[in-house]
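Student:
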Amino acid sequence: MSEAPWPTEIRVRNEGTVLAVTFDTSEAGEVSAELLRVESPSAEVKGHGPGQETLVWGKRKVKIARIEAIGNYAIRPIFDDGHSTGIFTWPYLLKLLREKDTLFTAYEAKLKAAGLSR
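In numbering that gives the first Met the number 0, the protein residues as written are 0 to 117.
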């Protein structure tokens, strides 16, 4: 069994609007602060089980104020709107990086259906 991908670089860029990540698999890219915020793995956003998710809206201009290391397995972004409870593991960060376009399109569709805006 192969080991899970490991980040070799994590940087907050563009005045906190983007998280740039590079993995040891040579996969690299950027995830917007907005997507990180609305897809936070926190209980506040995801709930405690299926069907308990909260649709987060109005985060178009959210920024990452800073990031904190959580052991050697994750980071916790601290957002300028005060959200700080999401712990982003390496596999979850890689999922966001790989699926960011699909996730963002789905997010926009949910907002539209709910009559909400970014």
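Ideal Cβ positions, reconstructed from N, Cα and C, are used throughout, including at glycine.
These numbers come from a predicted model, not from an experiment.
1. Could you check if VAL39 is buried or exposed, using at least 16 other CB atoms within 10 Å of its CB as the buried criterion?
2. So, helix, strand or coil for LEU93, using DSSP?
3. Put LEU16 into one of helix, strand or coil per three-state DSSP.
4. Cβ atoms of ALA64 and GLY15: under 8 Å apart, would you say?
5. Here's a check: name, in chain order, each residue in its chain whose Cβ is nearer than 7 Å to the Cβ of LEU34, leaving out the five neighbours to either side.
6. How far does the alpha helix (DSSP H) with VAL44 in it extend, from its first residue to its last?
7. Between which residues of its own chain and GLU8 is the CB-CB distance below 6 Å, once the five residues before and five after are set aside?
8. Here's the rule I'm using: 16 or more other beta-carbon atoms within 10 Å means buried, otherwise exposed. How should ARG59 be labelled?
Tutor: According to the data block:
1. First, the residue type needs correcting, since residue 39 is Ser and not Val in the sequence shown. Buried is the call here.
2. helix
3. One point to set straight first is that residue 16 is Thr, not Leu, in the sequence displayed. Here THR16 sits in coil by DSSP.
4. yes
5. LEU95, LYS99, LEU102, PHE103
6. 42-45
7. THR21
8. exposed
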